[in-house]
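Residue numbers (my numbering): 136 to 469. Quick reminder that beta carbons are idealized off the backbone N, C-alpha and C, glycines included. On a predicted model such as this, the values are computed, not experimentally measured, just so you know. Shown next, in structure tokens, is the structure this report addresses.
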Amino acid sequence: MAAMGGVDPTLPTAIRLDWSIFIFATIAVAFVGLLIGTLEMVVLAGLFSQHSFAKKIIYKFLFYLAVMFIITAITFPIAASMETGLSLLDSQVWKRFEEFVFSITFASTMLQMGFSLILCLIYSGISENLGHSVLSNFFTGKYHSPKEEERVFMFLDMKDSTTAAEKLGHIRYFDLLKDYYADLSDSIIDYEGEVYQYIGDEIVISWSLQKGISKNNCVHCFFSMKADLQKRASYYEDKYGFIPAFKAGLHFGHVTTGEIGALKKEIIFTGDILNTTARIQGLCNQYDSDLLMSAELYERLSLTGNFIIHPLGKAELKGKSELVELVSVSRVEG
Numbered sequence: 136m137a138a139m140g141g142v143d144p145t146l147p148t149a150i151r152l153d154w155s156i157f158i159f160a161t162i163a164v165a166f167v168g169l170l171i172g173t174l175e176m177v178v179l180a181g182l183f184s185q186h187s188f189a190k191k192i193i194y195k196f197l198f199y200l201a202v203m204f205i206i207t208a209i210t211f212p213i214a215a216s217m218e219t220g221l222s223l224l225d226s227q228v229w230k231r232f233e234e235f236v237f238s239i240t241f242a243s244t245m246l247q248m249g250f251s252l253i254l255c256l257i258y259s260g261i262s263e264n265l266g267h268s269v270l271s272n273f274f275t276g277k278y279h280s281p282k283e284e285e286r287v288f289m290f291l292d293m294k295d296s297t298t299a300a301e302k303l304g305h306i307r308y309f310d311l312l313k314d315y316y317a318d319l320s321d322s323i324i325d326y327e328g329e330v331y332q333y334i335g336d337e338i339v340i341s342w343s344l345q346k347g348i349s350k351n352n353c354v355h356c357f358f359s360m361k362a363d364l365q366k367r368a369s370y371y372e373d374k375y376g377f378i379p380a381f382k383a384g385l386h387f388g389h390v391t392t393g394e395i396g397a398l399k400k401e402i403i404f405t406g407d408i409l410n411t412t413a414r415i416q417g418l419c420n421q422y423d424s425d426l427l428m429s430a431e432l433y434e435r436l437s438l439t440g441n442f443i444i445h446p447l448g449k450a451e452l453k454g455k456s457e458l459v460e461l462v463s464v465s466r467v468e469g
């Protein structure tokens, strides 16, 4: 809305603020924010997912600019009617709107909104590609100097991926992976996880220790991802003739976290915990379990109710001299 937004308030096209118009503008802005957020999450996230980064930004920019114009075309006459005390249907109100559309006030308003919009879209696009937590950590410089911290890691590996790749071929298998990772994303977000790496058909998810054990987030994330894939079973069967499933290992420990790289910056974790978690995941087939975790992590959690816990005793991990005590976790659905 052009309520003296950076333009001379004496111009006849600018809406002069009073309390009633201020309240209306506040409600309108809140509604616009809710509308755009809903469009972004429900409609546009999937609509432009197959396009390149640049095309996605351009298409979204044009779409939202059109939405902004429509909203302005609705809100300005209402505000003008409130300011003048005339009926919304009065010809003077619409003449005022016509003058506004061809004025410097309108150009200034659209320029401000367009500039803000393009910045938001670029930030959102970069955040989507790097991960929000990674981008925010780069901006804040959190890991510019290496830091030691405790983190929970989940190494999650697709079952029978080699068979699927041979059956589908490289291109269709890649499409399968894109769908597969997209379907896992909501659960990772819901349970406060961060994607550390995609490695072929394997995904490495990480939590700070506090977030990972809070409300059993790391375990609920696993079963939520499993449920999300089961809901999409018919889609995968129809499109690929293959329904993806996975197995995972969970463990926690100390890592050193920091920015690294000269030509390409990354935030990486180093520490024995990563290798140990990968080895735990590698024992899933041996123990016929979809989810294995270290007993050390299990003791930090409160897995009651419909969780079924099977202590497996101490196991030898490849390349490790010390034995690691493991538990298998499953869940009764319903």
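Applying the 10 Å Cβ sphere with the 16-neighbour rule, what's the burial state of residue i?
i, result
"residue 309", "exposed"
"residue 161", "exposed"
"residue 242", "exposed"
"residue 286", "buried"
"residue 441", "exposed"
"residue 347", "buried"
"residue 195", "buried"
"residue 166", "exposed"
"residue 401", "exposed"
"residue 415", "buried"
"residue 411", "buried"
"residue 244", "buried"
"residue 154", "exposed"
"residue 240", "buried"
"residue 379", "buried"
"residue 189", "exposed"
"residue 176", "exposed"
"residue 333", "exposed"
"residue 341", "buried"
"residue 208", "exposed"
"residue 300", "buried"
"residue 226", "exposed"
"residue 436", "buried"
"residue 157", "exposed"
"residue 296", "buried"
Am I right that residue i and residue j are in contact with their C-beta atoms under 8 Å? What's the rounded C-beta distance?
i, j, result
"residue 390", "residue 433", "Their Cβ separation, rounded to whole angstroms, is 20 Å, which puts residue 390 and residue 433 out of contact at 8 Å."
"residue 382", "residue 318", "That belief does not hold up - the Cβ atoms of residue 382 and residue 318 are roughly 17 Å apart, past 8 Å."
"residue 460", "residue 453", "Not really, about 16 Å apart at Cβ, beyond 8 Å."
"residue 282", "residue 393", "7 Å"
"residue 93", "residue 213", "A query on residue 93 cannot be resolved here, the shown segment of the chain reaching from 136 to 469 and no further."
"residue 215", "residue 237", "Not a contact, Cβ separation roughly 15 Å."
"residue 386", "residue 428", "7 Å"
What is the DSSP secondary structure of residue i, reduced to helix, strand or coil?
i, result
"residue 317", "helix"
"residue 231", "helix"
"residue 393", "strand"
"residue 466", "strand"
"residue 286", "strand"
"residue 418", "coil"
"residue 140", "Because the pLDDT at residue 140 is just 45, under 50, the model does not fix this residue reliably, and the value given afterwards should be weighed accordingly. Here residue 140 sits in coil by DSSP."
"residue 411", "helix"
"residue 436", "coil"
"residue 455", "coil"
"residue 179", "helix"
"residue 212", "helix"
"residue 170", "helix"
"residue 374", "helix"
"residue 380", "coil"
"residue 145", "Per-residue confidence for residue 145 stands at a pLDDT of 43, beneath the threshold of 50, marking its modelled position as unreliable; the derived number appears in the next sentence. Reduced to three states, the DSSP call for residue 145 is coil."
"residue 399", "coil"
"residue 385", "strand"
"residue 150", "coil"
"residue 197", "helix"
"residue 404", "strand"
"residue 260", "helix"
"residue 246", "helix"
"residue 426", "strand"
"residue 442", "strand"
So, are the CB atoms of residue i and residue j less than 9 Å apart?
i, j, result
"residue 458", "residue 468", "no"
"residue 430", "residue 384", "no"
"residue 395", "residue 408", "no"
"residue 192", "residue 257", "yes"
"residue 200", "residue 249", "yes"
"residue 292", "residue 312", "no"
"residue 90", "residue 204", "Since the displayed the chain opens at 136 and closes at 469, residue 90 lies outside it and no answer follows."
"residue 353", "residue 328", "yes"
"residue 202", "residue 182", "no"
"residue 364", "residue 326", "no"
"residue 306", "residue 356", "no"
"residue 330", "residue 288", "no"
"residue 376", "residue 302", "yes"
> Taking the runs of the alpha helix (DSSP H) that are 4 residues or longer, which of them lie wholly in the stretch 291-371?
Replying inline: Within the stretch 291-371, the complete alpha helix (DSSP H) runs of at least 4 residues are 296-325, 344-348, 352-366.
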